[in-house]
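Accompanying notes for the structure given below.
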Amino acid sequence: MLVLVRALYGDGDTVAVCDMGTVEMEARPLGDVDCDFETDSADALWVLRYVAGLQPFASCMESAGDANCDGVVDGRDALVILRRVAALPVEQRPGCPQIGTA
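Just so we're on the same page, the numbering used here is the position in the sequence shown counted from 1, plus 641.
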């Protein structure tokens, strides 16, 4: 990954390019709405707080919050997250990954 750094000095601009090496980005597991790379009961709580208007939209909510792949983040997503945490069966829609996987 190349990073462009621009620093302003008294006589103009100085630009440096730094090679930061390879940066690996991990895919966010489905249901991981608190961005900790785990799908657990805390994620279900985040979803419920968001639905109730008590929690702001977390950065991971958009990509991982729709745990049942129905197009909306709602209480049903919290339910399927909790079912997965409790090791109960969760039937996903066709094409929807299993909760807790990327």
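Glycine included, C-beta positions come from ideal geometry on N, C-alpha and C.
Burial state of residue i, where buried means 16 or more other Cβ atoms lie within 10 Å
| i | result |
| --- | --- |
| Leu671 | buried |
| Asp711 | exposed |
| Ala705 | buried |
| Val713 | exposed |
| Leu695 | exposed |
| Leu723 | buried |
| Gly741 | buried |
Contact set for residue i: own chain, Cβ-Cβ below 8 Å, skip 5 residues either direction
| i | result |
| --- | --- |
| Arg669 | Cys676, Phe678, Cys701, Ser704, Ala705 and Ala743 |
For residue i, three-class secondary structure by DSSP
| i | result |
| --- | --- |
| Ala683 | helix |
| Gly716 | helix |
| Ser700 | coil |
| Ala668 | coil |
| Val786 | It is not possible to answer for residue 786, since the shown part of the chain is limited to 642 through 743. |
| Leu695 | coil |
| Val688 | helix |
| Val731 | coil |
| Ala705 | helix |
Beta-carbon proximity list for residue i, same chain, < 7 Å, skipping 5 on both sides
| i | result |
| --- | --- |
| Ala693 | none |
Residue i beta carbon near the ligand GDP (any heavy atom closer than 7 Å)
| i | result |
| --- | --- |
| Val726 | Ligands displayed in this structure: none; no statement on the ligand GDP is therefore possible. |
Separation of residue j from residue i, as counted between CA atoms
| i | j | result |
| --- | --- | --- |
| Leu729 | Leu720 | 11 Å |
| Val726 | Ala699 | 20 Å |
| Ala708 | Pro697 | 18 Å |
Neighbourhood of residue i by C-beta distance below 6 Å, restricted to the same chain and skipping five residues each side
| i | result |
| --- | --- |
| Cys737 | Cys710 |
| Ser682 | Val726 |
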